[in-house]
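S.K.:
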Amino acid sequence: MNGFVMALRRDMVLALRHKSEWLTALFFFVIVTNLLPLGVGPEASLLRKIAPGVLWIGALLSTLLGLPRLFAPDHADGTLEQMALSPIPLPWLVAGKIVAHWLVCGLPVVLMAPLLGLQFDLPVRSLGLLVVSLMLGTPLLSAIGALGAALTLGLRGGGALLSLLILPLYIPALIFGAGAVEADLAGISAQGHLSLLGAILVVSVFFSPWVTSMALRIALE
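Letter by letter, the sequence shown follows residues 1485 to 1705 in the working numbering.
(1) Using the rule of at least 16 other Cβ atoms within 10 Å of the residue's Cβ for burial, across every protein chain shown, is isoleucine 1702 buried or exposed?
(2) Looking at C-alpha atoms only, which residue of Leu1651, Ala1627 and Val1615 is the closest neighbour of proline 1575?
(3) In terms of residue numbering, what span does the alpha helix (DSSP H) encompassing alanine 1627 cover?
(4) Between which two residues does the alpha helix (DSSP H) containing glutamate 1527 stretch?
(5) In whole angstroms, what is the alpha-carbon distance linking tryptophan 1694 and glycine 1525?
(6) Keeping to the same chain, check which residues put their C-beta closer than 8 Å to that of isoleucine 1684; ignore five residues upstream and five downstream.
(7) Starting from the Cα of glycine 1663, find the closest Cα among Ser1610, Ile1582, Ser1692 and Gln1566 and give me that residue.
(8) Using 8 Å as the threshold, is the C-beta distance between leucine 1669 and valine 1583 below it?
(9) One question on the structure: do tryptophan 1448 and threonine 1622 come within less than 8 Å of each other, judged by their Cβ atoms?
(10) Determine the contact status of leucine 1531 and valine 1593, defining contact as a CB-CB distance below 8 Å.
(11) Between the stretch 1551-1565 and the stretch 1590-1606, are three or more C-beta pairs nearer than 8 Å?
(12) Considering only the beta carbon of each residue, do threonine 1517 and valine 1538 sit closer than 8 Å?
(13) Ordered along the chain, which non-local residues of its own chain (more than five positions away) have a Cβ less than 7 Å from that of leucine 1653?
(14) Measuring alpha carbon to alpha carbon, tell me which of Met1619, Leu1620 and Leu1648 ends up nearest alanine 1633.
(15) Nearest to serine 1529 by alpha carbon, out of Leu1680, Glu1666, Val1686 and Gly1676?
(16) Would you tell me roughly how many angstroms separate the C-alpha atoms of glutamate 1527 and leucine 1631, rounded to the nearest one?
(17) By the 10 Å Cβ neighbour count, where 16 or more other Cβ atoms means buried, how is lysine 1503 classified, buried or exposed?
(18) Since leucine 1614 contacts proline 1536 with CB under 8 Å, what's their CB separation in whole angstroms?
(19) Distance check for methionine 1567 and leucine 1606, CA to CA, integer angstroms please.
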């Protein structure tokens, strides 16, 4: 746990020193979700219909922006090698970095989503479900994305390869996350979607630090 807290604190301090990185992801989310309503028109029923997908796609893409720098700076300056050689188990350090990535790139999106959902004429109940689905889904995006960042670490054109590798793995989160809000709008219980999303999150949080650590060790060899 000491290694987890240390890695989390270190990455949060670095994020506060480089505010442009997480502000860029947040502004990207705002811009994407504002452009699409302008393109489809002001019809309220159409905006409510596309709102869950638009907001979730914006959250997905904005989270993806911060992934290339999750391990790259530490790999470039040798810090990652020191982490791998330290007596602290590498999965705990990786878990701290994943949580830091979510706090920097995922949590601001969750907090901003209800405000952006108002322009889609979403009812209050649906806005609440949107927040719940994003609270379950954005940590999942960070956990899966960390694996992709480790697998593409040090590769030329790794950013494009990371997107191609990770986006298909994000599809279940997108389906169940947006589906929860769509079900509520249709008058159907969203419990099933949220339960499946939570189950995927638990599995990913448990396995992601270990698998990511193995991928990092391969990249360092």
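All C-beta atoms, glycine included, are put in the ideal place defined by N, C-alpha and C.
M.R.: Let's see:
(1) Position 218 of the sequence shown holds residue 1702. With fewer than 16 other Cβ atoms within 10 Å, it is exposed.
(2) To locate residue 1575, count along the sequence shown from 1; it is residue 91. It is Ala1627 whose Cα lies nearest to the Cα of proline 1575.
(3) Here residue 1627 refers to the residue found at position 143 of the sequence shown. Element bounds for alanine 1627: 1608-1635.
(4) Taking the sequence shown and counting its residues from 1, the one referred to as residue 1527 is at position 43. Note, glutamate 1527: premise wrong, no alpha helix (DSSP H); not H, not E.
(5) The residue given as residue 1694 occupies position 210 in the sequence shown. The residue given as residue 1525 occupies position 41 in the sequence shown. Tryptophan 1694 and glycine 1525 have their alpha carbons spaced roughly 46 Å apart.
(6) By 1-based counting over the sequence shown, the position of residue 1684 is 200. Cβ contact annotation for isoleucine 1684 (same chain, cutoff 8 Å, sequence separation greater than five): Leu1624, Pro1656, Ala1657 and Phe1660, in chain order.
(7) Here residue 1663 is taken as the residue at index 179 of the sequence shown, counted from 1. For the residues Ser1610, Ile1582, Ser1692 and Gln1566, the minimum Cα distance to glycine 1663 belongs to Ser1610.
(8) For the purposes of this step, residue 1669 is identified with residue 185 of the sequence shown, where counting begins at 1. For the purposes of this step, residue 1583 is identified with residue 99 of the sequence shown, where counting begins at 1. Result no, Cβ atoms of leucine 1669 and valine 1583 do not sit closer than 8 Å.
(9) Given that the chain is displayed from residue 1485 to residue 1705, the structure contains no residue 1448 and the question cannot be resolved.
(10) As a first step, residue 1531 must be located in the sequence shown, where it is residue number 47. As a first step, residue 1593 must be located in the sequence shown, where it is residue number 109. No, these two residues do not count as a Cβ contact at 8 Å.
(11) Contact between the stretch 1551-1565 and the stretch 1590-1606 is absent, because fewer than three Cβ pairs lie under 8 Å.
(12) Start at 1 with the first residue of the sequence shown, and residue 1517 comes out as number 33. Start at 1 with the first residue of the sequence shown, and residue 1538 comes out as number 54. Yes, Cβ-Cβ distance for threonine 1517 and valine 1538 is below 8 Å.
(13) Along the sequence shown, read from residue 1 onward, the residue named residue 1653 stands at position 169. Around leucine 1653: Ile1628.
(14) Counted from its first residue, the sequence shown places residue 1633 at position 149. Alanine 1633 has its Cα closest to that of Leu1648, out of Met1619, Leu1620 and Leu1648.
(15) Walking along the sequence shown from the start, residue 1529 turns up at place 45. Looking only at Leu1680, Glu1666, Val1686 and Gly1676, the smallest Cα-Cα distance to serine 1529 is reached by Glu1666.
(16) Within the sequence shown, residue 1527 is the residue found at index 43, counting from 1. Within the sequence shown, residue 1631 is the residue found at index 147, counting from 1. Straight-line spacing of the CA atoms in glutamate 1527 and leucine 1631 works out to 40 Å.
(17) Sequence index remark: in the sequence shown, residue 1503 carries index 19 (1-based). Exposed.
(18) In the sequence shown, residue 1614 corresponds to position 130, counting from 1. In the sequence shown, residue 1536 corresponds to position 52, counting from 1. Confirmed, Cβ separation roughly 7 Å.
(19) Looking up residue 1606 in the sequence shown gives position 122. Looking up residue 1567 in the sequence shown gives position 83. If I take the Cα positions, the gap works out to 46 Å.
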